[in-house]
Each structure stands twice: as C-alpha cells, then as structure tokens.
Amino acid sequence: EIKWASGIGVLDAQARTWLLPYQPAGSPCLCSDQKRDDLGHFIDPGQSIDVYAVLPAPSGNPATTTVVTPVGPPMLDVPISDEAPAGDFPDPDAEPVTPLTRRLILPSESLDKSEETADDGKDLQINLSSDVLFAVDKATLTPRAKSVIARTAELIDASPATEVTVAGHADSTGNDTINDPLSLRRAQAVQRALSAQLSRDGVDFQAKGYGSHRPLYANDSDEGRRRNRRVTVTFP
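FYI, this note's numbering numbers position 137 of the sequence shown as 501, with every residue one higher than the one before it.
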C-alpha cells in the first residue's frame with residue numbers, strides 16, 4: 365500500500381538531487397496517510413487538500429526551492445522558512461529513518477540535433493546522433509561528423525577522464541543480426557576518431573555495441589527512433 369504523499373519531492377539544486385520524505389522501517393514515508401485510491405489521480409479545479417511530508421532540507425540553505433507533487437505541475441520558488449508549521453508532525457529523530465534521494469539527470473539536445481548530453485553530477489553522457497555521424501546502414505563517418513567528434517574530444521580533454529566508454533545503439537527497425545554488429549562498428553569508428561582528436565595521453569577507450577536493446581525513448585514514433593539511433597560517449 366503506497367501513500368500518495370510519498371511522492372512529494374523537493375529539489376536540491378546544489379546536490380543535483382530530488383529529496384523525498386524520510387522512510388521509517390516498515391512504512392513508506394514520514395508523510396500524510398492518504399492512500400492513492402483515496403484521492404484518485406487529480407484534484408478538481410477550485411478544490412484543495414492538506415498533506416504533509418517530512419524530508420531533509422536542501423543543501424546550501426537556499427531561500428526558496430521547487431516542490432513536486434503527484435497531482436500537479438512543479439511549484440517553483442516555494443519559500444523555505446525556519447519557522448515550525450502549525451500542526452502535529454512526526455519527529456524524524458524519534459525513530460530510525462532513511463533519507464531518500466534521486467539523482468537528477470537532465471538531458472539537453474543541441475539545436476542542430478547532432479547531440480544530446482546528460483549530466484548526473486558524476487558522469488557526462490553524450491549521445492551523438494547516428495543520423496549525423498553515418499549514412500544509413502554504414503559505419504563510415506560522414507564529413508559533418510568531424511565537428512561533432514571534435515566538440516566531444518574537447519570535453520574529454522577538459523575532464524579528468526582516464527577511461528571513456530563508447531557505445532553504439534540502434535532503433536527497433538531491422539533485426540539483431542544487422543543492428544548488433546553495426547552498432548559495434550559505429551562505436552569503434554567514433555572511438556578511433558575521438559582518440560585521434562585528443563590532445564593528451566592516458567585515456568583508454570572501451571567500445572561496445574548494444575543494437576536496439578537499450579533504447580532511451582519509445583520506438584513508436586519517428587522522433588523516438590531518431591533519438592535512439594546514437595553513439596553514446598560516457599566519461600567522468
């Protein structure tokens with residue numbers, strides 16, 4: 365049985381995480397006890413409900429934060445106060461509790477759709493569009509790929525990376541007999557080009573081909589399939 369209020373979250377921008385309500389042993393959260401079935405999926409227009417959740421404060425003592433709930437859009441710039449709210453709320457120090465966090469991964473696609481980057485605070489993941497890098501069913505880099513590879517190489521040069529993973533991916537069209545070896549050859553082509561562009565030594569590469577087995581998006585649309593056709597470069 366899941367409590368609705370367990371889905372209340374607060375943005376910790378400095379730590380790049382979502383903070384969720386504390387979890388005591390044997391209970392979903394330190395939060396209101398409404399169940400999902402009690403509330404349905406939406407609050408009617410003009411109506412309101414009162415709920416609470418007890419969770420850690422964001423890092424850096426910010427004056428405001430973003431609050432997310434399961435039944436509405438994110439609430440921006442919510443003030444943070446040291447004043448105790450009215451009401452009888454559970455004390456997180458009264459029993460052992462586990463703080464729950466979720467790491468933020470924020471993908472951002474370039475305007476020319478040649479690459480999409482995602483930073484989880486630890487690793488940088490760059491999804492290079494196979495439609496830009498290669499001709500259909502080919503593993504030879506196109507002339508346009510040169511500038512895309514050069515931008516990625518600059519980021520690797522500027523990082524502390526000593527190991528870089530290059531992984532080829534396909535959409536769901538075709539079959540594994542075609543997609544798996546093609547995705548590997550494409551990863552190897554990007555690996556060779558990146559290695560040649562780097563201005564420093566001490567970086568090892570590992571190339572892999574996953575075919576269509578690790579999609580980032582649903583393959584039920586042209587846009588989803590386009591974004592799944594990619595070579596992913598990952599490094600710290």
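Don't be surprised by glycine CBs; every beta carbon is placed ideally from N, CA and C.
Same chain, Cβ closer than 8 Å to residue 593, five either side skipped, listed in chain order: Hits under 8 Å: 493, 494, 495, 533, 534, 535.
Proximity below 9 Å, CB of residue 498 to CB of residue 553: Yes, they are a contact pair.
Buried versus exposed call for residue 425 [16 or more other C-beta atoms within 10 Å across all chains shown]: exposed
Residue from 546, 483, 563, 464 whose Cα sits closest to the Cα of residue 473: Comparing alpha-carbon positions, the option among 546, 483, 563, 464 lying closest to residue 473 turns out to be 483.
Buried/exposed call for residue 451, threshold 16 Cβ in 10 Å: By the 16-neighbour rule on beta-carbons within 10 angstroms, residue 451 is exposed.
Beta carbon of residue 531 nearer than 9 Å to that of residue 582: no
Integer-rounded CB distance, given that residue 453 should sit under 8 Å from residue 431: Taking 8 Å as the upper bound for CB-CB distance, residue 431 and residue 453 are not in contact here, some 16 Å apart.
Backbone secondary structure at residue 436 - three-state DSSP: Residue 436: coil per DSSP, three-state reduction.
Residue 510, enclosing alpha helix (DSSP H) - first and last residue: 509–522
N-terminal and C-terminal residue of the alpha helix (DSSP H) that residue 530 is part of: First-last for residue 530: 527–533, but that is the beta strand (DSSP E), not the alpha helix (DSSP H).
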